[in-house]
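Report on the following structure.
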């Protein structure tokens with residue numbers, strides 16, 4: 001589960017950097033109907049953080 005969370009965080013971070021570039025360049029979101037930063041980016045980052053928190057040693061006995 002820890003490896004999966006790392007992948008989600010890596011992909012989410014890359015998407016967030018792309019969103020930041022699009023915002024600075026004033027280019028609209030390529031996905032029609034979605035604002036910048038894209039909600040998909042926040043969902044991927046959120047899932048990564050949740051999986052990381054669940055699989056961390058703080059919750060282990």
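In the numbering used here, the protein residues as written are 1 to 61. Yeah, the Cβ is synthetic: ideal placement off N, Cα and C, and Gly gets one too.
Put simply, the backbone Cα of residue 37 is about 32 Å away from that of residue 59.
Scanning its chain for C-beta atoms nearer than 7 Å, with the 5 sequence neighbours on each side dropped, one finds around residue 31 the residues 38, in chain order. In this structure the stretch 10 to 24 touches the stretch 38 to 48; the number of beta carbon pairs closer than 8 Å is three or more. Assignment of residue 6 by DSSP, reduced to helix, strand and coil, places it in the helix class. Counting only the Cα atoms, residue 11 lies some 10 Å from residue 5.
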